[in-house]
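For reference, the structure discussed in these notes is given below.
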Amino acid sequence: MNAIVQHSEKDVYTSDPFVELLKDVDSLDRYLHGAKTEGAYLERCNRVMEELGIKR
Numbered sequence: 000m001n002a003i004v005q006h007s008e009k010d011v012y013t014s015d016p017f018v019e020l021l022k023d024v025d026s027l028d029r030y031l032h033g034a035k036t037e038g039a040y041l042e043r044c045n046r047v048m049e050e051l052g053i054k055r
């Protein structure tokens, strides 16, 4: 439930891996679908893509 409640707080990092996973997936999905991605969304996307070895 925390993941759903906190998923829009992209600039807040938690110790809950499920909350962080949902935030990261949401940010990456937005980027991959061509939505304007900046700020905390872009920071999360960059980190996830680097972790997964995805080149932009």
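Read in numbering that gives the first Met the number 0, the sequence shown has 54 at position 55, and its numbers run on one by one without any break.
All residues carry an ideal CB built from backbone N, CA and C; glycine is no exception.
How would you write the range of the alpha helix (DSSP H) that Ile53 sits in, first residue to last? Counting along the chain, Ile53 falls outside any alpha helix (DSSP H), and DSSP gives it neither H nor E.
The alpha helix (DSSP H) spanning Tyr30 covers which residue range? Pro16 to Leu31
Between Ala2 and Leu21, how many whole angstroms is the CB-CB distance? I'm expecting something under 8 angstroms. 4 angstroms
Other residues of its chain near Lys9: CB distance less than 7 angstroms, five sequence neighbours each side excluded: Lys22, Ser26, Ala39, Tyr40 and Arg43
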